[in-house]
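A.B. asks: In the working numbering, the protein residues as written are 13 to 400.
Every residue, glycine too, gets a C-beta built ideally from N, C-alpha and C.
Everything numeric in this text was worked out from a predicted model, so none of it was measured.
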Amino acid sequence: MKNDSYFQGNLNAIYYFIQAGGFTLQDPSLKWGKIGLAVFLNQLTFNSSDSAAQAITLRLFEAGVAGVEDLAEESGLGEILSDLAGIIHFLRQNSRLAFDAEDLLAELDPFLLTYLTTCATLGNLDLVAGALAPAHYLLARATECPSLTKPLDDFILQLDTLATRAITGQACWYSTIFPEPRIYLGLSHGSASILVFLAKALEAGRQPAVCRRLLAEGVAYVLAQYRPDSSIAFPVIVGHEPQFATLGWAYGDLGVCYGLLVASQALGHVPGCQLAVSRALSLGNRIGEPGAWPDAGLAYGCTGSAVLFHALAQLSGTPAFLSFAEQCLARSSDFISAHNPACGFRAAYPTRGNGADWGIISGIAGIGVAFHAYLSQDYSLAQRLLYL
C-alpha cells in the first residue's frame, strides 16, 4: 500500500498543473473540459485561505459556463448541460459554491425537462448521454422546485412502459446509443444505472408503487443473469459472446454489484444483498491482476473502482471493501509514465495529444478527486461524479 505522501504528492502535482494550464483547454464541459477542472480545483480551494487560488477557480468556472453557452445547439448539448446542472446543484447543496447559481439553474431547468422528455420518447435511457443524467439532476432539484415532480413521475411511468419483460416478473431495458439495441447490465449504459435511479426515486417518494415493482423486476432480471462459474459473473452485454469486462466503474461485475446492492437494500431483498456483497468481495482478488484496468481514471480505471469499493463499504458495512479501495488507489502508480505530459498519468482514451487526458471523468482531474477523497475521507464529490 502506498503511504499518504504518494497521494499528496501526486495530488499537489495535478493541482498545480491544472491551475497553470486549465485555461488552455477548448472543451468547456464537465467530463473533459474547463468545468471539470474548476470542480477539481474548487474541491481543494473552497475552504482554503488562498484567495488567489479561489479567484482562479472562479474564473475557470466562468470560462467553462461561457463556453457552454457558446455551444448553442451543437450535438451533445443536452449531455453537457445535464452534467453542468447536476454538479452545480450538488456543490450548492453541499455549501461548496462561491457564487449564486439559482439564476443559472432556473435557466437550465426547462431545457433539461425537454431533454429528458425527448430522450425518454426515443427510448434513450443512458446515464452518460441520455435521460438518466437529467433525471438524476431533476430528482435532486425537485426538493426545492415542486413543479418538477410531475415530469419526474411521468418519466418513471415511461421507465415502466419501456421495460422489456420476456419473462413474467423480470424487467430489463435496452440501450439505444449503439447501432443495434443491446441489453447492458452495468452502471454506464445498463440496468444497474436504472436500478440506482429507481432506488433514489423511491427514497424521494416519487411513484413508490411503480418504483418498487420495477426494482423487484429489475433485481429478478439481474439475478437471472448470474453465472457463478464464469470469470464474468454478470454479462456486460446480455446474449453477446465473447464478453469483455474490466474492474472499473463503466463496465463489469463491480458496477453491477453496486446497482444490485442499492436496489436490493431498497426492497429489503436479502438474497440480492448477499449475492452483491459476496461477488464484490470476490472481485478483490482481481486488484493485483495485470489488465484489470486500462488506466487510472474514474470511468474505466482503478480510481473509479476505489470509489465504488468505498461506496460498497458504506452500504454494506463490510470493512474489507475499504482495504480494496486503498489497494485500487495504489495501483494508480502502474499508469504513470515519465513521457506523459499530464502529470505522468497515461490515458486509455486520450482527449489531447501525447496520450493526455486532463478531464474529470477519465483523466487527471478525476484521479485528483479520488486522491483527495482518500486523504480527506470525503468521497461525496467522487460518488456524485459517478452517480452513486
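Do you know how far the Cα of Q66 is from the Cα of I189?
C.D. replies: Along the sequence shown, one-based indexing puts residue 189 at 177. Along the sequence shown, one-based indexing puts residue 66 at 54. If you take the alpha carbons of I189 and Q66, they lie about 39 Å apart.
A.B. asks: Cβ of L174 within 8 Å of Cβ of L137?
C.D. replies: Start at 1 with the first residue of the sequence shown, and residue 174 comes out as number 162. Start at 1 with the first residue of the sequence shown, and residue 137 comes out as number 125. Yes; because the gap between Cβ atoms is below 8 Å, this pair is in contact.
A.B. asks: State the start and end residues of the unbroken alpha helix (DSSP H) segment that holds R212.
C.D. replies: Within the sequence shown, the letter at position 200 stands for residue 212. Looking at the sequence itself, residue 212 is Lys, so the reference to Arg does not match. Start and end: S203 to E215.
A.B. asks: How do the segment 88-102 and the segment 57-66 stand: do at least 3 beta-carbon pairs fall below 8 Å, yes or no?
C.D. replies: In short, these stretches do not touch, since the Cβ pair count stays below three.
A.B. asks: I'd like to know if the segment 287-298 and the segment 261-279 are in contact, where contact means that at least 3 CB-CB pairs between them fall below 8 Å.
C.D. replies: At 8 Å Cβ cutoff, the stretches touch.
A.B. asks: For the alpha helix (DSSP H) holding D95, just list the boundary residues, first then last.
C.D. replies: Numbered from its first residue, the sequence shown carries residue 95 at position 83. L89 to Q105 is the span of the alpha helix (DSSP H), which, as asked, contains D95.
A.B. asks: When DSSP builds the beta bridges, which residues end up paired with C184?
C.D. replies: Working through the sequence shown from its first residue, we reach residue 184 at position 172. Note: C184 sits in a beta bridge opposite T176.
A.B. asks: So, helix, strand or coil for R239, using DSSP?
C.D. replies: The sequence position of residue 239 within the sequence shown is 227, counting from 1. Coil at R239, not helix or strand.
A.B. asks: Just to confirm, is the Cβ distance from C355 to A154 under 8 Å?
C.D. replies: To locate residue 355, count along the sequence shown from 1; it is residue 343. To locate residue 154, count along the sequence shown from 1; it is residue 142. Going by C-beta atoms, C355 is not nearer than 8 Å to A154.
A.B. asks: Between A385, E91, L169 and L273, which lies nearest to L324 when the distance is taken from Cα to Cα?
C.D. replies: Reading the sequence shown from its first residue, position 312 is the one you call residue 324. The residue with the shortest Cα to Cα distance from L324 is L273.
A.B. asks: Helix, strand or coil for Y27? Go by DSSP, reduced to three states.
C.D. replies: Against the sequence shown, residue 27 aligns to sequence position 15. The answer is helix: DSSP assigns Y27 an H, G or I state.
A.B. asks: In three-state terms, what does DSSP make of Y391?
C.D. replies: Counting from 1 along the sequence shown, the entry for residue 391 is found at position 379. In the structure shown, Y391 sits in coil (DSSP, three-state: anything other than H, G, I, E or B).
A.B. asks: Assign E91 to one of two classes, buried (16 or more other C-beta atoms within 10 Å of its C-beta) or exposed (fewer than that).
C.D. replies: For the purposes of this step, residue 91 is identified with residue 79 of the sequence shown, where counting begins at 1. E91 is buried by the Cβ-count criterion.
A.B. asks: Taking C-alpha atoms, which residue in L259, F246 and S374 lies nearest to A236?
C.D. replies: In the sequence shown, counting from the first residue as 1, residue 236 sits at position 224. Ranking L259, F246 and S374 by Cα distance to A236 puts F246 first.
A.B. asks: Using only the alpha-carbon positions, how far apart do T126 and L164 sit?
C.D. replies: In the sequence shown, counting from the first residue as 1, residue 126 sits at position 114. In the sequence shown, counting from the first residue as 1, residue 164 sits at position 152. Cα-Cα distance, rounded: 12 Å.
A.B. asks: Go to A359, then tell me how far its alpha helix (DSSP H) extends in each direction, as first and last residue.
C.D. replies: By 1-based counting over the sequence shown, the position of residue 359 is 347. Premise fails: A359 is in no alpha helix (DSSP H) and is neither H nor E.
A.B. asks: May I ask you to report which of helix, strand or coil DSSP gives R218?
C.D. replies: Position 206 of the sequence shown, counted from the start, is the residue given in the question as residue 218. Three-state DSSP puts R218 in coil, outside helix and strand.
A.B. asks: Quick one: Cα of A360 to Cα of L207, how far?
C.D. replies: Sequence index remark: in the sequence shown, residue 360 carries index 348 (1-based). Sequence index remark: in the sequence shown, residue 207 carries index 195 (1-based). Cα to Cα, A360 sits roughly 28 Å from L207.
A.B. asks: Return the CA-CA distance between A147 and E156, expressed in angstroms with no decimal places.
C.D. replies: In the sequence shown, the residue the question calls residue 147 occupies position 135. In the sequence shown, the residue the question calls residue 156 occupies position 144. For A147 and E156, the distance between alpha carbons rounds to 15 Å.
A.B. asks: Cβ of A394 within 8 Å of Cβ of F357?
C.D. replies: Working through the sequence shown from its first residue, we reach residue 394 at position 382. Working through the sequence shown from its first residue, we reach residue 357 at position 345. No; because the gap between Cβ atoms is not below 8 Å, this pair is not in contact.
A.B. asks: Does the beta-carbon distance from W185 to S159 come in below 8 Å?
C.D. replies: In the sequence shown, residue 185 corresponds to position 173, counting from 1. In the sequence shown, residue 159 corresponds to position 147, counting from 1. Not closer than 8 Å, so no.
A.B. asks: Please report the straight-line C-alpha distance between Q339 and C314, rounded to a whole angstrom.
C.D. replies: Against the sequence shown, residue 339 aligns to sequence position 327. Against the sequence shown, residue 314 aligns to sequence position 302. In a straight line, the C-alpha of Q339 is about 9 Å away from that of C314.
A.B. asks: Measure the C-alpha to C-alpha separation of Y149 and H101 and round it to an integer number of angstroms.
C.D. replies: The sequence position of residue 149 within the sequence shown is 137, counting from 1. The sequence position of residue 101 within the sequence shown is 89, counting from 1. For Y149 and H101, the distance between alpha carbons rounds to 8 Å.
A.B. asks: When DSSP labels each residue in this structure, what does R396 get in the three-state scheme?
C.D. replies: Taking the first residue of the sequence shown as 1, we reach residue 396 at position 384. Helix.
A.B. asks: Let me know the secondary structure DSSP gives I379 once reduced to three states.
C.D. replies: The residue you call residue 379 lines up with position 367 of the sequence shown. I379 falls in the helix class under three-state DSSP.
A.B. asks: Going by beta-carbon coordinates alone, are S374 and L310 separated by less than 8 Å?
C.D. replies: Reading the sequence shown from its first residue, position 362 is the one you call residue 374. Reading the sequence shown from its first residue, position 298 is the one you call residue 310. Yes; because the gap between Cβ atoms is below 8 Å, this pair is in contact.
A.B. asks: For K46, does the count of other Cβ atoms within 10 angstroms reach 16, so buried, or fall short, so exposed?
C.D. replies: Your numbering for residue 46 matches position 34 in the sequence shown. K46 should be labelled buried.
A.B. asks: If you drop the 5 nearest sequence neighbours on each side, which residues of the same chain put their C-beta closer than 8 Å to that of E229?
C.D. replies: Locating residue 229 in the sequence shown gives position 217, where the first residue counts as 1. If we look at E229 and ignore the five residues flanking it on each side, its Cβ neighbours are A175, R177, G181, Q182 and A183.
A.B. asks: Is the closest heavy atom of the ligand MN to the C-beta of T130 under 7 Å?
C.D. replies: Absent from the structure shown: the ligand MN. Ligands present: none.
A.B. asks: With V140 as the anchor, note down where its alpha helix (DSSP H) starts and where it stops.
C.D. replies: By one-based count along the sequence shown, residue 140 stands at place 128. Note, V140: premise wrong, no alpha helix (DSSP H); not H, not E.
A.B. asks: Rounded to the nearest angstrom, what separates A143 and L128 at their Cα positions?
C.D. replies: Taking the sequence shown and counting its residues from 1, one reaches residue 143 at position 131. Taking the sequence shown and counting its residues from 1, one reaches residue 128 at position 116. Those two C-alpha atoms are separated by around 5 Å.
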